[in-house]
Every structure is written in C-alpha cells, then in structure tokens.
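Data block below; observations after.
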Amino acid sequence: MRAALADAAAAADTGDVPVGAVRLDGLTLVVTLEPCTMCAGAVTMARLSRLVYGAADPRAGAVGSLWDVVRDQRLVPVPEVIGGVLADQCLNVIRTFFQERRLHPARC
Numbered sequence: 481m482r483a484a485l486a487d488a489a490a491a492a493d494t495g496d497v498p499v500g501a502v503r504l505d506g507l508t509l510v511v512t513l514e515p516c517t518m519c520a521g522a523v524t525m526a527r528l529s530r531l532v533y534g535a536a537d538p539r540a541g542a543v544g545s546l547w548d549v550v551r552d553q554r555l556v557p558v559p560e561v562i563g564g565v566l567a568d569q570c571l572n573v574i575r576t577f578f579q580e581r582r583l584h585p586a587r588c
C-alpha cells in the first residue's frame, strides 16, 4: 500500500487526481481508493486473484460501497478482497488534493 500511496503522491504533484495503483507478483492489485464500477469490472475481467484497497468510496465504490461487482458470483473468478488498508492515509491524500483545488482553483 505504501507503493500505491507514493504513486498517488506523484500523481498529485503533476496535477492528477491522487489515486495510486500497483500490480504486484501473484496478480494482486493494490490501489489507494476503492475501485469504481469500470475498474472493478476490469479487475474481474483481468482475472486478478486479489484486490487490496485503502479508502472506501461511498460515492462511486463498486467493491462494497454502492455495488459489489467483484464479489458477484455470476462473474468468475471472484478475487479475494482486502479493504481498509491504511484507509485514513489514503483518504487524507484525496481530501487534501481536492481541498487545495477548492482553495486555489487557478492553479489547476
């Protein structure tokens, strides 16, 4: 998760939304924010064996918040899901990014 956080920080430095994702050996996706529907579908279609995410996304999360795409038994294989890893740190990166954008919109 720390590698995904570093990826998120690098994205913020270039003005991109700070969501970091890292593919690791054994087909595990580690991402700082709960995947949206499109990304959760990509996890399923890529047949990843494990998904690890940090912060939940109550507005668009598709791994338990709004929907649970990856655990739908009709879509196989169903990956192992581990959520909430360093959730506070992951959420802080995103909150800080958008607070800065609201305070200084001309810098965007």
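Residues in the sequence shown are numbered from 481 upward in steps of one, following my numbering. All C-beta atoms, glycine included, are put in the ideal place defined by N, C-alpha and C. Fair warning: this is a prediction, and the values are worked out from it, not measured in the lab.
Query	Result
Touch test, the segment 531–551 against the segment 505–520, Cβ-Cβ under 8 Å, three pairs minimum	yes
In DSSP terms, what residue 560 is bridged to	530
Beta-carbon spacing of residue 535, residue 567 below 9 Å	yes
Cβ of residue 530 within 9 Å of any chain B Cβ	Going by chain labels, chain B is absent from the structure shown, which holds only one protein chain.
Start and end residues, alpha helix (DSSP H) containing residue 509	Premise fails: residue 509 lies in the beta strand (DSSP E), 508–513, not in any alpha helix (DSSP H).
Cβ contact check for the segment 571–585 and the segment 521–531: 3 or more pairs under 8 Å	no
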